[in-house]
Amino acid sequence: MTKSDRLAIAIRDAIRRGELISGVLYSAQELGERFGASRTPVREALLRLADANLVKIERNRGARVLGSDIHDVVEVGALRLLLEPAATRVATLRMGEADHARLHAALDRMRELSDEPDAMFAADRDFHDIILRASGNRRLADMVAGLRETVVLHGRTTVPAARAVAQVIAEHTAIATAIVAGDQAAAERAMRHHLATTTGLLIADDPSAGHDLAAWLEP
Numbered sequence: 001m002t003k004s005d006r007l008a009i010a011i012r013d014a015i016r017r018g019e020l021i022s023g024v025l026y027s028a029q030e031l032g033e034r035f036g037a038s039r040t041p042v043r044e045a046l047l048r049l050a051d052a053n054l055v056k057i058e059r060n061r062g063a064r065v066l067g068s069d070i071h072d073v074v075e076v077g078a079l080r081l082l083l084e085p086a087a088t089r090v091a092t093l094r095m096g097e098a099d100h101a102r103l104h105a106a107l108d109r110m111r112e113l114s115d116e117p118d119a120m121f122a123a124d125r126d127f128h129d130i131i132l133r134a135s136g137n138r139r140l141a142d143m144v145a146g147l148r149e150t151v152v153l154h155g156r157t158t159v160p161a162a163r164a165v166a167q168v169i170a171e172h173t174a175i176a177t178a179i180v181a182g183d184q185a186a187a188e189r190a191m192r193h194h195l196a197t198t199t200g201l202l203i204a205d206d207p208s209a210g211h212d213l214a215a216w217l218e219p
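Structure follows, in structure tokens:
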């Protein structure tokens, strides 16, 4: 992992925690001083975050932190529902014992760190990434990683208040159990249920958004 990669993660986490505020313009110099980095890795990190729609680069000025609205959440939820269940079906056949061990390790971290939002968020991200990478489609895995970042602000402030950690872990456990059993159909269903539930809770306060998402769900 390069310095700019680590810096991108640090800036992203600061955005998610609300330390860098949506709508505010930050210069490369200001961010460099805040995170102890020179301008070059800061600029490279900001380009990565711009690709994930977390910031907007403003030439010769810096980067403005972007928020996510309800329409972003619906669009990302719909795309993940199209991509991840199918990837999970493929990954179920491709994953071996080493992959299963990594998946359970991520799940164990979610359980152990359930009272630490940042750490649990990272373990959740790793869980999904292990499955997506195992599907053998690198572009799909990279695309979903970017999609997750697009709604990271909305999800960070909504999910903990809307659903119990135990429910989140139970959904991930169902996915892992089906994958280890080699049950493609069950793994695909479990992933679809998890994504639909998560997205549904994120948009629960907007009936029109719920209607838009429903169009992407299988009957």
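Residue numbers (full-length UniProt numbering): 1 to 219.
Ideal Cβ positions, reconstructed from N, Cα and C, are used throughout, including at glycine.
Task: Every unbroken beta strand (DSSP E) inside the UniProt domain "HTH gntR-type" (1-68) [3 residues or more] - done: The qualifying runs are 55-58 and 62-65.
Task: Inter-residue spacing [alpha-carbon to alpha-carbon] between arginine 43 and alanine 10 - done: Put simply, the backbone Cα of arginine 43 is about 14 Å away from that of alanine 10.
Open item on the list: Quick check: what's the CA-CA separation for phenylalanine 121 versus isoleucine 169?
Closed with: Cα to Cα, the separation comes out at about 12 Å.
TODO: Note the first and the last residue of the continuous alpha helix (DSSP H) segment covering leucine 81.
DONE: Where leucine 81 is concerned, the enclosing alpha helix (DSSP H) stretches over 70-94.
Task: Distance between leucine 81 and alanine 186 (C-alpha atoms, nearest Å) - done: So the two alpha carbons sit approximately 15 Å from each other.
TODO: Go through its chain and collect everything with a Cβ distance to alanine 52's Cβ below 6 Å, but skip five positions before and after it.
DONE: Excluding sequence neighbours, alanine 52 sits near Gly146 and Glu149.
- [ ] May I ask you to report which of helix, strand or coil DSSP gives leucine 113?
- [x] In the structure shown, leucine 113 falls within a coil segment according to DSSP collapsed to helix, strand and coil.
Task: Classification of arginine 192 by the beta-carbon crowding that lies within 10 angstroms, buried from 16 upward - done: Buried, because 16 or more other Cβ atoms sit within 10 Å of the Cβ of arginine 192.
TODO: Would you tell me roughly how many angstroms separate the C-alpha atoms of leucine 47 and arginine 111, rounded to the nearest one?
DONE: Taking the CA atoms as reference points, leucine 47 sits about 34 Å from arginine 111.
Open item on the list: Mapping the DSSP letters down to three states, classify aspartate 129 as helix, strand or coil.
Closed with: DSSP places aspartate 129 in the helix class (H, G or I) of the three-state scheme.
Task: Spatial distance of valine 180 from arginine 89 (CA atoms) - done: Computed Cα separation, rounded: 12 Å.
Open item on the list: Does the distance between the C-beta of isoleucine 179 and the nearest non-hydrogen atom of the ligand COA fall short of 7 Å?
Closed with: The model on display carries no ligand, and the ligand COA is accordingly not part of it.
TODO: Below 6 Å CB to CB, which residues in the same chain sit around isoleucine 131 once its five sequence neighbours on both sides are set aside?
DONE: Only Thr88 and Ala91 meet the Cβ criterion.
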